[in-house]
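Q:
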Amino acid sequence: MAETGAVTTRGERVQLTTPDGPAEAYLTRPAEHPGPHPGVLLYMDAIGLRPQIERVADRIADWGHVVLAPNVFHRHGTAAEIAPTTDLRLPGEREAFFATVMPLVASHSAEEAARDLSAYVAALDADPDVAPGPIGTVGYCMGGRLALRAGAQLPDRVAAIGMFHVGGLVTDAPDSPHLSIPQVRGEVLAGYADHDGSMPPEAVATVDEALSAAGLAHTTAVYPGASHGFVMADTSMYDEDAAERHYRELQDLLARALV
Numbered sequence: 001m002a003e004t005g006a007v008t009t010r011g012e013r014v015q016l017t018t019p020d021g022p023a024e025a026y027l028t029r030p031a032e033h034p035g036p037h038p039g040v041l042l043y044m045d046a047i048g049l050r051p052q053i054e055r056v057a058d059r060i061a062d063w064g065h066v067v068l069a070p071n072v073f074h075r076h077g078t079a080a081e082i083a084p085t086t087d088l089r090l091p092g093e094r095e096a097f098f099a100t101v102m103p104l105v106a107s108h109s110a111e112e113a114a115r116d117l118s119a120y121v122a123a124l125d126a127d128p129d130v131a132p133g134p135i136g137t138v139g140y141c142m143g144g145r146l147a148l149r150a151g152a153q154l155p156d157r158v159a160a161i162g163m164f165h166v167g168g169l170v171t172d173a174p175d176s177p178h179l180s181i182p183q184v185r186g187e188v189l190a191g192y193a194d195h196d197g198s199m200p201p202e203a204v205a206t207v208d209e210a211l212s213a214a215g216l217a218h219t220t221a222v223y224p225g226a227s228h229g230f231v232m233a234d235t236s237m238y239d240e241d242a243a244e245r246h247y248r249e250l251q252d253l254l255a256r257a258l259v
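Take the sequence shown: its letters are residues 1 to 259, numbered as in full-length UniProt numbering.
1. Just tell me which of 128, 235 and 69 has its CA closest to the CA of residue 86.
2. By a C-beta neighbour count over all protein chains shown, 10 Å radius and 16 as the cutoff for buried, is residue 15 buried or exposed?
3. Which class does residue 198 belong to by DSSP, given the choice of helix, strand or coil?
4. Would residue 257 and residue 186 be called neighbours here (beta carbons separated by less than 8 Å)?
5. If you draw a straight line from the C-alpha of residue 137 to the C-alpha of residue 160, how long is it?
6. Determine the DSSP secondary structure at residue 48, reduced to helix, strand or coil.
7. Helix, strand or coil: which one does DSSP assign to residue 10?
8. Short check: CB of residue 83 to CB of residue 55, under 8 Å?
9. Under a Cβ-count criterion, where at least 16 other Cβ atoms within 10 Å of its own Cβ denotes burial, should residue 224 be classed as buried or exposed?
10. What three-state label does DSSP hand residue 28 in the structure shown?
11. My parser needs the beta strand (DSSP E) runs of 3 or more residues fully inside the region 181 to 238; what are they?
12. Since I believe residue 162 is in contact with residue 124 (beta carbons under 8 Å), could you give me their beta-carbon distance rounded to a whole number of angstroms?
13. Would you check if the distance between the CB atom of residue 68 and the CB atom of residue 25 is smaller than 8 Å?
14. Quick one: what does DSSP say residue 168 is sitting in, helix, strand or coil?
15. With H, G and I counted as helix, E and B as strand and the rest as coil, what does DSSP make of residue 3?
16. Between which two residues does the beta strand (DSSP E) containing residue 152 stretch?
17. Could you tell me the boundaries of the alpha helix (DSSP H) in which residue 117 lies?
18. Are the region 69 to 81 and the region 163 to 181 touching by the rule of at least three beta carbon pairs closer than 8 Å?
19. Given a threshold of 16 other Cβ atoms within 10 Å of its Cβ, counted over all protein chains shown, does residue 145 qualify as buried or as exposed?
20. Note down, one range per segment and in chain order, each alpha helix (DSSP H) of at least 4 residues found wholly within the region 51 to 104.
21. Just to confirm my understanding: we take residue 238, look at its own chain, exclude 5 residues before and 5 after, and list those with CB closer than 8 Å. What are they?
22. Does DSSP classify residue 178 as helix, strand or coil?
23. Mapping DSSP to helix, strand and coil, what is residue 33?
24. Answer yes or no: do residue 216 and residue 184 have a C-beta to C-beta separation smaller than 8 Å?
25. Tell me the rounded alpha-carbon separation between residue 34 and residue 27.
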């Protein structure tokens with residue numbers, strides 16, 4: 001059991017070996033029931049691997065999954081070194097933190113994410129409580145893009161993709177995340193924030209059209225009144241109603257897809 005500040009979480013911090021060096025990750029499993037369970041790869045938001053991400057991972061694990069949440073910024077430092085040192089629920093603190101972390105987001109390339117994925121999945125597969133077969137990917141904010149790319153990179157393995165308050169799915173770049181959708185085979189749940197400049201209505205429509213054109217089972221939902229970051233209870237963007245709705249919809253997705 002991990003102690004994280006005033007928060008006690010159930011899982012453990014583990015060290016992974018990636019092609020570009022060591023990476024921390026949080027690994028958690030159901031509190032009551034022995035395995036094997038389907039594996040889920042949880043991609044953090046831009047704020048990093050911290051108690052809130054661990055709490056989200058624990059909750060997903062309680063539905064009957066083994067969940068791995070890596071520090072995707074491992075090339076830049078440990079989770080503790082990158083994590084915020086102020087209360088992001090206070091006015092202005094979230095915005096000030098993002099000014100320092102956005103260069104890390106911008107520098108995390110699709111190529112780096114692709115190299116990391118093999119290490120993340122290998123760690124899940126090596127766990128004795130992880131069942132062989134399909135896995136799910138779940139991501140928040142920038143992590144939603146990573147969850148989608150993982151599904152495209154491992155289409156025969158990733159059966160469920162959940163991405164929430166995700167932004168930047170549609171860009172002018174030749175490797176725009178939405179262009180990977182034809183390679184995806186898993187079911188996709190996209191839960192967007194209503195007030196999110198990084199995913200305007202036309203971008204949401206572009207992604208939805210691409211999912212339909214690919215013949216994928218998918219759910220597209222815009223959470224009314226919710227702002228970017230609505231799941232994260234440790235920031236000023238938290239929206240309890242939207243967060244609880246996301247948990248219900250994500251649980252349903254994983255239950256039907258990871259069988």
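All C-beta atoms in this analysis are idealised placements derived from N, C-alpha and C, irrespective of residue type, glycine included.
A: Taking the structure as given:
1. 235
2. exposed
3. coil
4. yes
5. 6 Å
6. coil
7. coil
8. no
9. exposed
10. strand
11. 187 to 195 and 218 to 227
12. Not confirmed; about 16 Å, so no contact.
13. yes
14. coil
15. The pLDDT assigned to residue 3 is 42, lower than 50, so where the model puts this residue is not dependable; a value taken from the coordinates is nonetheless given after this. Of the three classes helix, strand and coil, the one that applies to residue 3 here is strand, per DSSP.
16. Premise fails: residue 152 lies in the alpha helix (DSSP H), 142 to 153, not in any beta strand (DSSP E).
17. 110 to 126
18. no
19. buried
20. 51 to 61 and 79 to 82
21. 89, 229, 230, 231 and 232
22. helix
23. coil
24. yes
25. 15 Å
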